[in-house]
Every structure is written in structure tokens, then in C-alpha cells.
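Visitor:
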Amino acid sequence: FDQSHIRNFSIIAHIDHGKSTLADRLLEKCDAVPQREMENQLLDNMDLERERGITIKSRAVHLFYKAKDGEIYALNLIDTPGHVDFNYEVSRSLAACEGAVLVVDATQGVEAQTLANTYLALDHDLEILPVFNKIDLPAADPLKAKQEVEDIIGLPALDAPEISAKNGVNIDAVLEDIVAGVPAPSGDPNAPLQALVFDSQYDPYVGVVVYFRIRQGTLRRGQTIRLMATGAQYTILECGYLKPLGNEPTDALQAGEVGYFTASIKTVKDTQVGDTVTDAENPASEPLPGYRPAQSMVYCGIYTEDGSKYPDLRDALEKLQLNDASLTFEPESSVALGFGFRCGFLGMLHMEIIQERLEREFNLDLVTTLPSVIYHVYKTDGTLVKVDNPHNYPDPAVIEHAEEPYVKVSIITPNEYVGNIMPMCQDRRGEFKDMQYLDTHLVELHYQMPLNEIIYDFFDTLKANTKGYASLDYELSGYRPSDLVKVDLLLNGDGVDALSFIAHKDKAYPRARRLCEKLKDNIPRQLFEVPIQAAIGGRIIARETVKAMRKDVLAKCYGGDITRKKKLLEKQKEGKKKMRNLGTVQVPTEAFMAVLKLD
Ligand code: GTP
């Protein structure tokens, strides 16, 4: 196919604005799938994705469109995930395109990720084509949405297509816009190969299937290629075009094209998103810009309720990792929970998805510990310890200072909610940066906030405080010194490692108190009194008591002498004290789970 007839594009949108639905309609219009096999949201082919209605991993398809000018065009549609956790994948997919269709829900207008994704697309110099969706809904106000796009983003939008992706209205206009508006790719097919890996997927039969976009050069079957970041070399067994139903092998792909190859690669770790594929014998002088290794932001311990399922958990994690280079795990053990794994995730959504898949697809009942970020602790001997598990927090005596990760937060909201949002951010140690009016009633707020404060419930609280109107976006901005403390939980004087946490000193006390209260409600009474304590170093900062079950030792004492009663009670007290010194408290798993769900 000659380059002038290729269009590589992506669809970007705020979550739920209709990106996947539009993609389905484009596939239909291009007859990529026979009607009877058209399943809704074909591109989201993981069950969980379909159920949650979100795109987790990006996909690509190769389509043919016969335009009004009579010519046939090859369209490569690269789908991108829609959640902040997956921003890096989005950026790599965009780097594989020349243009982006920006879907804006005409009932909602511009929202946080409409802006964030548009900026990302502009960073890659993409041509942006707005379309206004959901015009079938009575609440749709396409003119207002168009005005917002013109005012806020500064893109011409008044003549942009108004569509209903759901009902298939005006989809041709979108396709014509793509042909006319997205620039054709360029790049010399005879130059040394440079292909960008924008996704990969593990297949049990052929190994990893690598999705790429060729910037320059040619990739052919039988060629020995090298991945420039990892240095690994492979021989291409099959290459071709990406079709929604089974791929279409071919002999070679050239500069400007998008496709897949397989080479008996064992795990997606070897084909990191963002890496550059080159020819092993005639390599490109340098890789394509923008590669960075996947980076976990949030960690938690994952254990099975039934300790004997530990090997199953390991197998399950290994299987998931084959297909998810951003999931990391290593074995850890806890006195309270037994053997498990410390797992790293891109963010909270990623964590929830993995937990849900483990439970559903692998039938495991899990116990997970409180999520934590990575703290940097500088010791007095000058070394740096990166702590992702409270258990490894160094002794305060040898700590010179500690730092925690901060993120740049941007919140877009109608102005009437600013009064609700500001205290919420301050309460989470947010540092106000600036506030801009995007138009007469939309406001964008910027904060610097500790990542630790937003991983738990910030997003939900934000939605609750703004009737769902505000939207959130954040990116890591670096580490800053912070007054951190490690809080230990003691049951009857014994530390319970799985319940330790690291927090800013101002936050440690309220959190410790809530944890103690929650534990008190969930630990069954024992024959002796059980103190529940939270401690920083040796200092107790909170305490609750689970009262002892008490046998009525006076039951057989009718009337009688008061000293006799006192004697019996004294004896009981002695006995309890002895028991307490000897006894250990069994914490039922349910109590753990209840407590760990605290945040
Ligand atoms: P993510 O993949 O999570 O980013 O969402 P998305 O942007 O792909 O949105 P999706 O296509 O899943 O659509 C979100 C919801 O809007 C779904 O319930 C769709 O059925 C609905 N929807 C999409 N387009 C239209 C439309 O034109 N009209 C109406 N009424 N609903 C639509």
C-alpha cells in the first residue's frame, strides 16, 4: 500500500464519552467484521473490560475504507486505554499515529481527560479531529460542547461532525474527516529499521505477539531483529496486519505501516511498550525517543485466605505477568497472614483489576494488605532505602530524613464546587498551585499532593463532593522531604506485621485510632482482656481494649460474706493475668479483612 493512502489514528476521549462505541461503528462501516459476528465493543476483548465498560489494554485494527473520492484507504485504528493509571501506554499509542479523533460527549462537554489526552496528542504533534457524540440524548447540547472545545482547547470545532455512535448516525462524516484531516505517514522504507512497540500480548500458542508501527525501514519474515532497550534478538516467524477476527500474515511491512509480529518470545517483559525494534545486522543508530520502563506506583501484599493455596497464587501471578509487564511481584511473608507476595501496580485501578482477575479467573480468595507507595528513606550512613513495605522501614534512630512521592494534580470542575474541593485537598496535605477559569463556569485547579493521600479514596470523595461533575488527572512530579512515621499495631503486646503502616506524622494518630476501633469491633472476645495498641517506635499513641469473657464466679455464692466474694474475684483476676501473659490472640481472617478495608 502506498504511503499516501495510509492513515494511522487513534481515538481519544474522557472516560465514558463513547470511544469504544465509535470504534465499533468504524469497524462496521469498513466491513471489518461480518454483521453476525459483530459483538459490542469488539476491541475490548477481555471479559472484565466488557463488564466494567472500560478499555484496559490498547489494541489496533487494520481497516479499508472506500472514500467519497473513489480511492481506497488503509486505516490503522489504534485504541488507547482511558484511565490515568495507563497514561504511559496512551502516550506510546499516540506516538504511533499521525492523527487523533477526539470524542466529546455532547451532554458533558470538555472534562479533565478530554484536556489531558488532547495535550498528550498535541505533544506528539498529532492532527486532532473533534467529533461530538451522543446527540441522540435529549440532554445533548453539541453547540455548547463545540464552544467549549473552541474556547478551552482552542481547536476549530464548529463544523465538526455531530454523531450518535450508539445509533450509527453520521459515522461517514467521521471517516471522511479522517481521510482528509489525518496526514499520511512518511519515512524511508530503505533506511535501517526503526519500529515502535506500542503494545504486546501473550498468546499460549505462538508466544508474545508484538504490535508495532514502522517509522522507517522494512520488517520482514525471517529477519533477525533486535529490541534496542533490552538488547534481546529474535528471528521473526510471522508478521502481518491486525484484523479484528484473526490476523492476516504477510511477507513484509514498510515504513508508515502498523502490524504485528511473533518470534517465539516467552514473556511481554522482553518486549516493553515504547521499545524500538531494529534490524540486528543493519541497526538504526539510535532508538525512537520516549521509552521508559514500566514503573509501579502502588504496592500491596497479596495473600490467600487459605494458606495452602500459595502455589496457586504464584502460578496465577506468573500467568498474569506474561501479559502485563507493569505488574511486579516478589515473595514476602507475614506472621499474621503466612506466605504471599508483595505486588506493584501502576495505580489503584490497575491493582483492583489484578485482584479481581485473580479472584475470578483463578478462583482464589485473597487477603490484601493496605496499599502503600514507595518511600525514600535516607539513612545516617548516607545510603538510600526504597521502602514499599512498612515491614522494611528502617529504625528511626538511623534515619537521616525521609521523602515521599508527590503528584501534580489537575481537577476540572464547574465553579460552584470549588468551595467543596479546596478543603478536601488541604485536608490531604495538598499545596494549592493555581486556579484558572477555562470559560465562564469551568475551573481548572492545580495542586501538588502526596501520592499517598490520593491513592485511597480521593477520586471517590471528589466525585461525591461534586455530584460527579469534577474530573481528576495526575502525574508523578518527584520526591519531597516529609515527616514520616511507621505505626505498628500490637495485640496483647505482640506486633501484627500485616497491619503496620507508614504515614505522615499528622495523619498517623487519627488513622491509628480508627484502626484500633475497627479491630476492637472485629476481634472476638477471649478469656482474657486484650489490649489493642498502636505505637510509633516505643510510644503508644492509641489504645482500645477487647473486654474478657467473664465467667460468673459468684454464681454459687448466695448471700454470704463480702470478703468471700472479693476473694473469688481476686482469684479470677489473677488467673486472667496469668492467661494474658501466656495467651496469644488468634485474629480471624475476617477481622483482618474488615480492618484492611478501612480506607
Ligand atoms: P472507556 O473505554 O472506559 O474509556 O469508555 P469509552 O469512552 O470507550 O466509552 P464507551 O464507548 O464504553 O461508552 C460509554 C457509554 O456511553 C456506554 O454505555 C455507551 O453505550 C454509551 N454511548 C456511547 N455512545 C453513545 C451515543 O451515541 N448515544 C448514547 N445514548 N449513548 C452512547
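full-length UniProt numbering numbers the first residue of the sequence shown as 2 and each following residue consecutively. C-beta: ideal position from N, C-alpha, C; glycine also. Treat the numbers as computed from the prediction; the structure is a model and nothing was measured.
(1) My guess is that Pro288 and Met229 are in contact by the Cβ rule of under 8 Å, so how many angstroms apart are they, rounded?
(2) Under 7 Å: does the beta carbon of Thr467 sit that close to some heavy atom of the ligand GTP?
(3) With a threshold of 8 Å, are at least 3 pairs of Cβ atoms found where one atom belongs to the region 166-183 and the other to the region 224-243?
(4) Is it buried or exposed for His442, if we count other Cβ within 10 angstroms and need 16 for buried?
(5) Assuming Asp189 and Gln217 are in contact, meaning their beta carbons sit under 8 Å apart, how far apart are those beta carbons, in whole angstroms?
(6) Opposite Thr384 in the DSSP bridges: which residues?
(7) Count the C-beta pairs between the region 486-500 and the region 534-544 that are closer than 8 Å, then say yes if the count reaches three, no if not.
(8) Using only CA atoms, which one of Ile136, Asp200 and Leu28 lies nearest to Ile164?
(9) Pair every Cβ in the region 112-120 with every Cβ in the region 5-21, then say whether three or more of these pairs are closer than 8 Å.
(10) Just the Cα atoms here: how many angstroms apart are Ile12 and Asp507?
(11) With DSSP as the reference, label Gln322 as helix, strand or coil.
(12) Anyone know if the C-beta pair for Gly155 and Leu127 falls short of 8 Å?
(13) Of all the beta strand (DSSP E) runs that stay within the bounds of the region 419-462, which reach a length of 3 or more residues?
(14) Give, in chain order, every unbroken run of the beta strand (DSSP E) that is at least 3 residues long and sits entirely within the region 171-250.
(15) Between Gly469, Pro451, Leu323 and Thr462, which lies nearest to Asp484 when the distance is taken from Cα to Cα?
(16) Around the Cβ of Ile303, are there at least 16 other Cβ atoms within 10 angstroms (buried) or fewer (exposed)?
(17) What whole-angstrom Cβ distance do residue 1 and Tyr448 have, given they're in contact under 8 Å?
(18) Measuring only the C-alpha atoms, how far is Val399 from Ala499?
(19) Mapping DSSP to helix, strand and coil, what is Phe10?
(20) Nearest CA to the CA of Asn523: which residue from Ala504, Ser501 and Lys548?
(21) Which residue's Cα is closest to the Cα of Pro372: Asn453, Lys464, Ala285 and Asp474?
(22) Which term fits Val336, buried or exposed, when burial requires 16 or more other beta carbons within 10 angstroms of its beta carbon?
(23) Using the C-alpha atoms, what's the distance from His392 back to Glu333?
(24) Comparing C-alpha positions only, which one of Leu64, Leu78 and His63 sits nearest to Ser21?
(25) Does the separation of the CB atoms of Ala97 and Val209 fall below 8 Å?
(26) So, using beta-carbon positions, are Val299 and Val374 closer together than 8 Å?
(27) Looking only at C-alpha atoms, which of Ala185, Ile266 and Ala285 sits nearest to Asn191?
(28) What does the alpha-carbon distance come out to for the pair Asp280 and Ala196?
(29) Could you work out which residue in Ala326, Leu130 and Pro395 is closest to Gln296 when comparing CA atoms only?
(30) Can we count Leu138 as close to the ligand GTP, meaning its CB is less than 7 Å from some heavy atom?
(31) Which class does Pro143 belong to by DSSP, given the choice of helix, strand or coil?
(32) Can you tell me whether Gln255 is buried or exposed, with buried defined as 16 or more other CB within 10 angstroms of its CB?
(33) In the DSSP output, what is Leu491 paired with across the bridge?
(34) Can you give me the C-alpha to C-alpha distance between Phe10 and Leu76, rounded to a whole angstrom?
(35) Touch check for the region 422-438 and the region 474-481: three-plus C-beta pairs under 8 Å?
Guide: In terms of the structure at hand:
(1) Taking the first residue of the sequence shown as 1, we reach residue 288 at position 287. Taking the first residue of the sequence shown as 1, we reach residue 229 at position 228. With a Cβ gap of about 4 Å, Pro288 and Met229 count as contacting.
(2) Residue 467 sits at position 466 when you count from the first residue of the sequence shown. No, Cβ of Thr467 sits at least 7 Å from all heavy atoms of the ligand GTP.
(3) no
(4) For the purposes of this step, residue 442 is taken as residue 441 along the sequence shown, with counting starting at 1. Label assigned to His442: exposed.
(5) Numbered from its first residue, the sequence shown carries residue 189 at position 188. Numbered from its first residue, the sequence shown carries residue 217 at position 216. Contact holds; Cβ gap of about 5 Å.
(6) Residue mapping note: residue 384 aligns to position 383 of the sequence shown, counting from 1. Answer is none; Thr384 lacks a bridge partner.
(7) yes
(8) Within the sequence shown, the letter at position 163 stands for residue 164. Measuring from the Cα of Ile164, the nearest candidate turns out to be Ile136.
(9) yes
(10) Mapped onto the sequence shown, residue 12 falls at position 11. Mapped onto the sequence shown, residue 507 falls at position 506. Rounded to whole angstroms, Ile12 to Asp507 spans 44 Å at the Cα level.
(11) Translated into the one-based positions of the sequence shown, residue 322 becomes position 321. Helix, per DSSP.
(12) Sequence index remark: in the sequence shown, residue 155 carries index 154 (1-based). Sequence index remark: in the sequence shown, residue 127 carries index 126 (1-based). No, the pair does not count as a contact, with Cβ atoms beyond the cut-off.
(13) 432-438 and 443-451
(14) 195-204, 208-217, 219-221, 225-228, 234-236 and 239-242
(15) Translated into positions along the sequence shown, residue 484 becomes position 483. It is Pro451.
(16) Sequence index remark: in the sequence shown, residue 303 carries index 302 (1-based). Counting Cβ neighbours within 10 Å, Ile303 comes out buried, since at least 16 surround it.
(17) No answer is possible for residue 1: the residues shown for the chain start at 2 and end at 600.
(18) Counting from 1 along the sequence shown, the entry for residue 399 is found at position 398. Counting from 1 along the sequence shown, the entry for residue 499 is found at position 498. Between Val399 and Ala499, the C-alpha separation is close to 23 Å.
(19) Within the sequence shown, residue 10 is the residue found at index 9, counting from 1. Three-state DSSP puts Phe10 in a strand.
(20) Along the sequence shown, one-based indexing puts residue 523 at 522. Here the closest residue by C-alpha is Lys548.
(21) One-based indexing of the sequence shown puts residue 372 at position 371. For Pro372, the nearest C-alpha among the options comes from Asn453.
(22) Taking the first residue of the sequence shown as position 1, residue 336 is located at position 335. Exposed is the call here.
(23) In the sequence shown, counting from the first residue as 1, residue 333 sits at position 332. In the sequence shown, counting from the first residue as 1, residue 392 sits at position 391. About 10 Å.
(24) Within the sequence shown, numbered from 1, the residue matching residue 21 stands at position 20. If we check each option's Cα against that of Ser21, Leu78 comes out closest.
(25) Taking the first residue of the sequence shown as 1, we reach residue 97 at position 96. Taking the first residue of the sequence shown as 1, we reach residue 209 at position 208. No; because the gap between Cβ atoms is not below 8 Å, this pair is not in contact.
(26) Sequence index remark: in the sequence shown, residue 299 carries index 298 (1-based). Sequence index remark: in the sequence shown, residue 374 carries index 373 (1-based). Cβ atoms of Val299 and Val374: closer than 8 Å.
(27) On the sequence shown, position 190 is the one that residue 191 refers to. That would be Ala285, whose Cα lies nearest to the Cα of Asn191.
(28) As a first step, residue 280 must be located in the sequence shown, where it is residue number 279. As a first step, residue 196 must be located in the sequence shown, where it is residue number 195. If you take the alpha carbons of Asp280 and Ala196, they lie about 10 Å apart.
(29) Here residue 296 is taken as the residue at index 295 of the sequence shown, counted from 1. Looking at the Cα atoms, Ala326 is the closest of the given residues.
(30) As a first step, residue 138 is located in the sequence shown; it is residue number 137 there, counting from the start. True, at least one ligand heavy atom lies under 7 Å from that Cβ.
(31) Taking the sequence shown and counting its residues from 1, the one referred to as residue 143 is at position 142. Residue state, collapsed to three classes: helix.
(32) Counting from one through the sequence shown, the residue named residue 255 turns up at place 254. Classification of Gln255: buried, given that the 10 Å Cβ count is 16 or more.
(33) Numbered from its first residue, the sequence shown carries residue 491 at position 490. Answer is Gly496 and Gln534, bridged to Leu491.
(34) By one-based count along the sequence shown, residue 10 stands at place 9. By one-based count along the sequence shown, residue 76 stands at place 75. So the two alpha carbons sit approximately 8 Å from each other.
(35) no
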